[in-house]
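Residue 28 in numbering that gives the first Met the number 0 sits at position 29 of the sequence shown, with consecutive numbering throughout.
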Amino acid sequence: MYLAMNRFTVPIENAEAFEDLWLKRDSHLKEMEGFVEFHMLKGAEVDGQILYASHTVWASEEAFRGWTKSDAFRNSHKGAKTTEKLFVGTPVFEGFSAIQKIS
């Protein structure tokens, strides 16, 4: 299992637009081999900003890398440059391979 996360720091005044963008977008994730699940996480407000994290679970790192090279990835991220004004800085990517799972 591989977890891919992007963290976004969003000024409180942009939170509604940022959430709307994510909730209405067509991610194309379900089309991808190895895709398991997606979560958009919202943290607490601190100093007028909210930390969000997109959290995607993949069967393997190879499946995730295949997603990043696919037409589905390009289609789901088209127009991303126009949304940069909603968050501070750039998204922070973190990738993790699972070493233990307890169900």
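Idealized CB from N, CA, C, for every residue including glycine. A quick note: this is a predicted structure, and the numbers were derived from the prediction, not measured.
Option in the options with minimal Cα separation from residue i
| i | options | result |
| --- | --- | --- |
| aspartate 88 | Tyr1, Gln48, Glu15 and Ser26 | The question names aspartate, yet the displayed sequence has glycine at residue 88. With distances taken between Cα atoms, glycine 88 lies closest to Gln48. |
| glutamate 36 | Glu30, Asp25 and Trp57 | Trp57 |
| glutamate 32 | Thr67, Ala16 and Phe95 | Thr67 |
| phenylalanine 34 | Glu15, Pro90, Glu44 and Gly65 | Gly65 |
| glutamate 30 | Glu93, Phe72, Ala16 and Asn5 | Phe72 |
| arginine 6 | Asp46, Leu40 and Lys84 | Leu40 |
Inter-residue Cα distance where the pair is residue i and residue j
| i | j | result |
| --- | --- | --- |
| glutamate 149 | glutamate 12 | This structure cannot settle anything about residue 149, because the visible part of the chain is limited to 0 through 102. |
| aspartate 70 | histidine 38 | 21 Å |
| leucine 20 | isoleucine 101 | 33 Å |
| phenylalanine 74 | glutamine 99 | The identity of residue 74 in the sequence shown is asparagine, whereas the question assumes phenylalanine. Taking the straight line from one Cα to the other gives about 33 Å. |
| histidine 54 | alanine 3 | 6 Å |
| valine 9 | phenylalanine 86 | 4 Å |
| aspartate 25 | histidine 76 | 9 Å |
| alanine 62 | glutamate 93 | 16 Å |
| valine 91 | alanine 16 | 20 Å |
Own chain partners of residue i with C-beta closer than 8 Å, once the 5 adjacent residues on each side are dropped
| i | result |
| --- | --- |
| glycine 42 | Ile49, Leu50, Tyr51 and Ala52 |
Simplified DSSP assignment, three categories, for residue i
| i | result |
| --- | --- |
| lysine 41 | strand |
| glycine 33 | coil |
| phenylalanine 86 | coil |
| serine 47 | The displayed chain sequence assigns glycine, not serine, to residue 47. In this structure, glycine 47 counts as coil in the three-state DSSP scheme. |
| serine 75 | helix |
Contact set for residue i: own chain, Cβ-Cβ below 6 Å, skip 5 residues either direction
| i | result |
| --- | --- |
| tyrosine 1 | Trp57, Ser59, Glu60, Phe63 and Ser96 |
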